[in-house]
Each structure stands twice: as structure tokens, then as C-alpha cells.
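*Asks:*
There are 2 protein chains.
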Amino acid sequence: MHEKTISSKMLYTGRILGLEVQDVQLANGKKALREIVRHRGAVAVLARRPDGKFVLVRQFRKPVEREMLEVVAGNREAGEDPEVCARRELKEETGYSVRRLVPLGFTFPSPGYVDERIDLYYAETGPDAGGINPDEDEHLEVVLLDRNSIVEKIGRNEINDSKTLAAWTQFVTIVETGAAAQGTRGAS
Amino acid sequence: MHEKTISSKMLYTGRILGLEVQDVQLANGKKALREIVRHRGAVAVLARRPDGKFVLVRQFRKPVEREMLEVVAGNREAGEDPEVCARRELKEETGYSVRRLVPLGFTFPSPGYVDERIDLYYAETGPDAGGINPDEDEHLEVVLLDRNSIVEKIGRNEINDSKTLAAWTQFVTIVETGAAAQGTRGAS
Numbered sequence: 002m003h004e005k006t007i008s009s010k011m012l013y014t015g016r017i018l019g020l021e022v023q024d025v026q027l028a029n030g031k032k033a034l035r036e037i038v039r040h041r042g043a044v045a046v047l048a049r050r051p052d053g054k055f056v057l058v059r060q061f062r063k064p065v066e067r068e069m070l071e072v073v074a075g076n077r078e079a080g081e082d083p084e085v086c087a088r089r090e091l092k093e094e095t096g097y098s099v100r101r102l103v104p105l106g107f108t109f110p111s112p113g114y115v116d117e118r119i120d121l122y123y124a125e126t127g128p129d130a131g132g133i134n135p136d137e138d139e140h141l142e143v144v145l146l147d148r149n150s151i152v153e154k155i156g157r158n159e160i161n162d163s164k165t166l167a168a169w170t171q172f173v174t175i176v177e178t179g180a181a182a183q184g185t186r187g188a189s
Numbered sequence: 002m003h004e005k006t007i008s009s010k011m012l013y014t015g016r017i018l019g020l021e022v023q024d025v026q027l028a029n030g031k032k033a034l035r036e037i038v039r040h041r042g043a044v045a046v047l048a049r050r051p052d053g054k055f056v057l058v059r060q061f062r063k064p065v066e067r068e069m070l071e072v073v074a075g076n077r078e079a080g081e082d083p084e085v086c087a088r089r090e091l092k093e094e095t096g097y098s099v100r101r102l103v104p105l106g107f108t109f110p111s112p113g114y115v116d117e118r119i120d121l122y123y124a125e126t127g128p129d130a131g132g133i134n135p136d137e138d139e140h141l142e143v144v145l146l147d148r149n150s151i152v153e154k155i156g157r158n159e160i161n162d163s164k165t166l167a168a169w170t171q172f173v174t175i176v177e178t179g180a181a182a183q184g185t186r187g188a189s
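Just so you know, the protein sequences line up as chains A and B, in that order. Our numbering numbers the first residue of the first sequence as 2 and each following residue consecutively. Our numbering numbers the first residue of the second sequence as 2 and each following residue consecutively.
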């Protein structure tokens with residue numbers, strides 16, 4: 002099923018993404034054009050306080066022109082370990098520190114045209130938040146929700162960000178039910 | 002929390018996506034650059050046969066250089082209704098016809114830098130597949146899985162495509178538990 006790259010060209014190299022166009026040869030010998038967004042990868046962190054409240058963030062997302070309710074997330078810095086990135090982003094965006102970090106595998110948000118991989122984590126935090134330190138161009142509001150509220154918001158489609166749904170699914174599958182926990186890092 | 006567009010420029014307009022760069026003004030008055038991928042939207046369909054087997058597809062995804070196991074999905078044609086698109090894509094990619102189609106809301110795969118919205122559906126199919134008719138540059142393999150196998154593959158991170166995880170979460174939340182079913186189309 003492999004597709005062989007015949008030629009490729011970077012059309013744009015920007016701040017958070019790049020755009021590449023490739024001519025490829027399919028397994029059946031035919032040729033096709035592939036438009037590929039390049040992204041350096043990100044992490045997403047489903048965080049929970051000792052009192053059981055989940056720590057989410059609400060922010061305006063310009064591409065979709067709306068406020069979104071999402072798990073904490075951020076782009077990896079060059080060469081940054083995803084676990085280090087997860088702890089950093091949680092602290093910067095919400096003020097909470099990580100007491101226990103559980104890897105939940107990864108997800109590809111749009112594998113048809115983006116190479117971004119998002120590493121997923123579940124984090125148990127301390128009880129209290131310190132000061133926050135978001136990026137200059139970020140404006141975030143911390144939202145605390147209990148488990149029932151999250152399930153309700155998923156059912157009502159008010160939580161509709163894909164990495165948030167992916168992290169929740171993995172949390173329920175791996176942490177809550179304990180199913181296949183030993184295999185979560187085996188599929189890379 | 003709104004961000005006001007000061008200026009915008011389309012840098013690329015291609016086959017499945019475009020690239021736009023915007024200067025925006027944040028709520029606090031500061032200015033920022035936004036790199037935005039434009040996409041016309043897609044659908045994803047979690048399909049199940051009368052015998053309980055789910056109908057997924059395996060395909061090579063060039064951006065991530067690997068084979069992915071995903072729900073049926075495809076880009077909407079210009080002006081195409083998402084339900085029409087869902088029925089068309091299921092037929093083209095797997096040969097199965099839809100007997101009952103249940104909307105599961107939508108997801109934004111990468112709202113930080115892409116405007117794509119994916120409308121999610123659960124489809125009950127007929128028992129038998131007819132001929133398939135994939136796009137010229139698509140090479141797909143149909144994979145039939147029972148419910149336990151899907152949960153196992155999610156737990157092992159072998160299913161890691163975000164729209165597939167989103168569709169599964171919504172299926173479990175809305176169809177299987179029936180929770181909040183009447184609200185699934187209310188959040189747009």
C-alpha cells in the first residue's frame with residue numbers, strides 16, 4: 002500500500018506549520034498529487050484535581066471562529082520531550098502542577114493532509130493552581146468540570162475538539178477500565 | 002475572547018486545501034499572526050452490519066507515512082449535503098448501502114490551525130456489499146471488526162485516527178447509552 006515520493010516542494014515555511022506538495026506513485030503505478038501540511042507535533046493533557054474535577058480550558062480559535070472547550074494542549078518546542086511538554090503546558094495554561102502523568106498513546110488529528118501527531122496524557126494535579134503563564138497570543142479561561150458534566154457535554158456535542166475526544170476515549174479505555182494498559186506505548 | 006481580522010492573504014489554493022495568513026487583533030489589543038489551513042469539510046461514518054460487525058477501512062496515509070485503520074470518511078463536494086456525502090462515501094469505499102443513518106454531531110480535527118469540520122454519522126448497513134468505486138488516488142482495504150476488537154485496538158493505540166476516535170466516542174455516548182440523544186444537533 003506504500004506511496005513513493007517522486008518529487009516534493011516546500012511552498013511555505015511558517016511559524017507553526019509548513020506546506021509541502023508532493024508527486025507520488027501509488028502501489029498500482031498511477032501518479033497522484035499530495036498536499037501535506039507539516040507540523041512539529043503537539044501534546045494534549047486531560048488533567049484531574051484530587052477532588053475529581055477535570056481541568057479544561059476555553060479559548061477562541063480563529064480558524065473556526067468560535068470559542069472551544071478543550072483539554073490543555075500545546076505544540077512541542079524543537080527537540081522537546083513530549084512528557085516535558087505536557088508538564089510545561091499544564092503549568093503555563095492552568096497553573097496546576099503534575100503529580101502523576103500517565104501516557105495515553107497518541108492520535109493523528111488529520112492524517113489525510115497533516116503529519117501532526119498529538120501525544121496524549123492523563124495528569125493528576127495538585128489541589129491548588131499557581132500563577133499562569135500563557136503564550137503572548139493566547140487568552141485562556143480555565144474550566145473545572147466533573148465527570149458527568151464532561152459526558153453530558155460530549156453527548157450534546159458541546160465538546161467537539163478531536164484531541165479532547167481522543168484523550169477522553171483513551172482515559173476511559175485505559176485508565177478507568179484498565180484495559181490493555183500495558184500495551185499503550187506499543188503501537189508506535 | 003474574539004480575535005478581529007486586520008488583514009488576510011491566501012498564499013495557496015490547491016486541490017483539497019488552501020493556506021491563509023492573517024494578522025489579527027486579540028481581545029487585549031495585542032496583535033498576532035494566524036496561519037490557517039482552509040478545508041471544505043468532510044464526513045466520517047462509523048458503519049455496522051446487521052451481524053454486528055463494524056466496517057472500517059485501512060489505507061496508506063502519505064503525510065504520516067503509515068497505514069491507518071479508520072472509519073469511512075471523505076471530503077464533501079462543493080455544496081454537498083453531509084448526509085448525502087456520508088451515504089456516497091460509504092458506498093464508494095466499502096460497497097455497503099445505508100439502511101439507517103444517525104447523526105453524531107461533528108468534530109473539529111485541528112481547530113488551532115485548520116477550519117475543517119467533520120460531520121460524524123453512525124450507519125446501519127445492509128448485510129452484503131456491492132462493488133466499490135474509490136477515488137482514483139485511493140487504495141482501500143475493508144476491515145470488519147466486532148465491538149470488542151475495536152475497544153481492544155483503541156486501548157492498544159492501534160486505532161489512533163482522531164475522527165475515528167471521535168465517532169466511536171459519540172457512538173458510545175449517544176447511540177449505545179442513549180444519553181442526550183435529542184441534543185446531538187443542537188450545538189452548531
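Virtual Cβ for every residue (Gly too), placed ideally from N, Cα, C.
Residues in the same chain with beta-carbon distance under 7 Å from P51 of chain B, minus the five sequence neighbours each way, listed in chain order, please.
*Replies:* Residue mapping note: residue 51 of chain B aligns to position 50 of the second sequence, counting from 1. Closer than 7 Å at Cβ, skipping near neighbours: P128.
*Asks:* Output, in sequence order along the chain, the residues in the stretch 49-65 of chain A whose CB is closer than 9 Å to any CB in chain B.
*Replies:* So the close ones are R59, Q60, F61, R62, K63, P64 and V65.
*Asks:* Please decide whether A188 of chain A counts as near chain B, where near means a Cβ-Cβ distance under 8 Å.
*Replies:* Sequence index remark: in the first sequence, residue 188 of chain A carries index 187 (1-based). Note that A188 of chain A has pLDDT 46, beneath the 50 cutoff, so the model's placement of it is unreliable and no number is given.
*Asks:* Tell me which residues share the same chain as F107 of chain B and place their Cβ nearer than 8 Å to its Cβ, disregarding the 5 neighbours each side in the sequence.
*Replies:* Taking the second sequence and counting its residues from 1, the one referred to as residue 107 of chain B is at position 106. Result list for F107 of chain B: R118, I119, D120, L121 and S189, in chain order.
*Asks:* For the candidate residues A:L20, A:S9 and A:T14, whose alpha-carbon lies nearest to that of T14 of chain B?
*Replies:* Your numbering for residue 14 of chain B matches position 13 in the second sequence. Minimum Cα distance to T14 of chain B is reached at A:L20.
*Asks:* Is there at least one Cβ from chain E nearer than 8 Å to N29 of chain A's Cβ?
*Replies:* Absence of chain E from the displayed structure is noted, the protein chains being A and B.
*Asks:* Thinking V38 of chain B and V115 of chain B are a contact (beta carbons under 8 Å), I'd like their distance in whole angstroms, please.
*Replies:* Numbered from 1 along the second sequence, position 37 holds the residue referred to as residue 38 of chain B. Numbered from 1 along the second sequence, position 114 holds the residue referred to as residue 115 of chain B. Indeed they touch by this definition, with Cβ atoms about 4 Å apart.
*Asks:* How is K31 of chain B classed by DSSP in three states: helix, strand or coil?
*Replies:* The residue given as residue 31 of chain B occupies position 30 in the second sequence. K31 of chain B falls in the coil class under three-state DSSP.
*Asks:* Nearest-angstrom Cα distance between I133 of chain A and K32 of chain B?
*Replies:* Indexing the first sequence from 1 puts residue 133 of chain A at position 132. Indexing the second sequence from 1 puts residue 32 of chain B at position 31. Cα to Cα, the separation comes out at about 20 Å.
*Asks:* Measuring CB atoms only, is the stretch 91-107 of chain B touching the stretch 46-60 of chain B, in the sense that at least three cross pairs come out at less than 8 Å?
*Replies:* Touching, yes, given that three or more Cβ pairs across the two stretches are closer than 8 Å.
*Asks:* Please list the terminal residues of the continuous alpha helix (DSSP H) segment that includes T170 of chain B.
*Replies:* For the purposes of this step, residue 170 of chain B is taken as the residue at position 169 of the second sequence. S163 to Q171 is the span of the alpha helix (DSSP H), which, as asked, contains T170 of chain B.
*Asks:* Would you list the one or two residues that DSSP bridges to Y122 of chain B?
*Replies:* Translated into the one-based positions of the second sequence, residue 122 of chain B becomes position 121. In the DSSP output, where bridge partners are listed per residue, Y122 of chain B has B:V46 and B:P104.
*Asks:* Take the Cβ of M2 of chain A as the centre, count every other Cβ of all protein chains shown within 10 Å, and call the residue buried at 16 or more, exposed below.
*Replies:* Here the question's residue 2 of chain A lines up with position 1 in the first sequence. Counting Cβ neighbours within 10 Å, M2 of chain A comes out exposed, since fewer than 16 surround it.
*Asks:* Check the DSSP bridge columns for V99 of chain A and list the partner residues they point to.
*Replies:* Position 98 of the first sequence, counting from 1, holds the residue named residue 99 of chain A. A:T126.
*Asks:* For a contact defined as C-beta to C-beta under 8 Å, what are the partners of S8 of chain B on chain A?
*Replies:* Counting from 1 along the second sequence, the entry for residue 8 of chain B is found at position 7. Those within 8 Å of S8 of chain B in chain A number zero; the least Cβ separation is about 13 Å.
*Asks:* Around the C-beta of R157 of chain B, are 16 or more other C-beta atoms found within 10 angstroms, so that it is buried, or is it exposed?
*Replies:* For the purposes of this step, residue 157 of chain B is taken as the residue at position 156 of the second sequence. Counting Cβ neighbours within 10 Å, R157 of chain B comes out buried, since at least 16 surround it.
*Asks:* Go ahead and pull the three-state DSSP assignment for L70 of chain B.
*Replies:* The residue given as residue 70 of chain B occupies position 69 in the second sequence. L70 of chain B: strand per DSSP, three-state reduction.
*Asks:* Could you check whether the stretch 158-178 of chain B touches the stretch 56-67 of chain A, counting it as contact only if at least three pairs of C-beta atoms, one from each stretch, sit closer than 8 Å?
*Replies:* Flag = no, the stretch 158-178 of chain B and the stretch 56-67 of chain A do not touch.
*Asks:* For R16 of chain A, count neighbouring Cβ atoms within 10 angstroms of its own Cβ and tell me buried if that reaches 16, exposed if not.
*Replies:* As a position in the first sequence, residue 16 of chain A is number 15, starting the count at 1. When all chains shown are included, R16 of chain A counts as exposed.
*Asks:* Give a yes or no on whether 8 Å exceeds the smallest Cβ distance from R95 of chain A to chain B.
*Replies:* Counting from one through the first sequence, the residue named residue 95 of chain A turns up at place 94. Reading off the sequence shown, one finds Thr at residue 95 of chain A, where the question assumed Arg. Judged by the 8 Å Cβ criterion, T95 of chain A is not in contact with chain B.
*Asks:* Is DSSP giving R148 of chain B helix, strand or coil here?
*Replies:* Stepping through the second sequence from its first residue, residue 148 of chain B is reached at position 147. R148 of chain B falls in the helix class under three-state DSSP.
*Asks:* Assuming the contact rule is C-beta atoms closer than 8 Å, S163 of chain B and P104 of chain B should be a hit. Round their C-beta distance to whole Å, please.
*Replies:* Reading the second sequence from its first residue, position 162 is the one you call residue 163 of chain B. Reading the second sequence from its first residue, position 103 is the one you call residue 104 of chain B. In fact, because the Cβ distance is near 19 Å, the residues do not count as touching under 8 Å.
*Asks:* When you compare the CB of G106 of chain A with every CB in chain B, is at least one pair closer than 8 Å?
*Replies:* Counting from one through the first sequence, the residue named residue 106 of chain A turns up at place 105. Cβ-Cβ to chain B under 8 Å: yes for G106 of chain A.
*Asks:* Could you tell me which residues DSSP pairs with V25 of chain B in its beta bridges?
*Replies:* Translated into positions along the second sequence, residue 25 of chain B becomes position 24. BP columns for V25 of chain B point to B:T6 and B:A33.
*Asks:* L18 of chain B lies in the beta strand (DSSP E); which residues open and close that run?
*Replies:* Indexing the second sequence from 1 puts residue 18 of chain B at position 17. It is not in any beta strand (DSSP E) - L18 of chain B carries neither H nor E in the DSSP assignment.
*Asks:* Decide if N76 of chain A is buried, meaning its Cβ has at least 16 other Cβ atoms within 10 Å, or exposed.
*Replies:* As a working mapping, residue 76 of chain A is identified with position 75 in the first sequence. Classification of N76 of chain A: buried, given that the 10 Å Cβ count is 16 or more.
*Asks:* Given that a residue counts as buried once 16 or more other Cβ atoms are within 10 Å of its Cβ, and exposed if not, what is E94 of chain A?
*Replies:* Mapped onto the first sequence, residue 94 of chain A falls at position 93. Looking at its Cβ environment, which holds 16 or more other Cβ atoms inside 10 Å, E94 of chain A is buried.
*Asks:* Using a Cβ-Cβ cut-off of 8 Å, state whether Y114 of chain A counts as contacting chain B.
*Replies:* Taking the first residue of the first sequence as position 1, residue 114 of chain A is located at position 113. Taking Cβ atoms only, chain B reaches closer than 8 Å to Y114 of chain A, which makes this a yes.
*Asks:* Within 8 Å of any Cβ in chain A, is that where the Cβ of R35 of chain B sits?
*Replies:* Position 34 of the second sequence, counted from the first residue, corresponds to residue 35 of chain B. With 8 Å as the cut-off, R35 of chain B counts as an interface residue toward chain A.
*Asks:* On the three-state DSSP scale, how would you describe G184 of chain A?
*Replies:* Within the first sequence, the letter at position 183 stands for residue 184 of chain A. Confidence at G184 of chain A is low in this model, with a pLDDT of 47, below 50, so the placement of that residue should be treated as unreliable; the coordinate-derived value is given next. Three-state result, G184 of chain A: helix.
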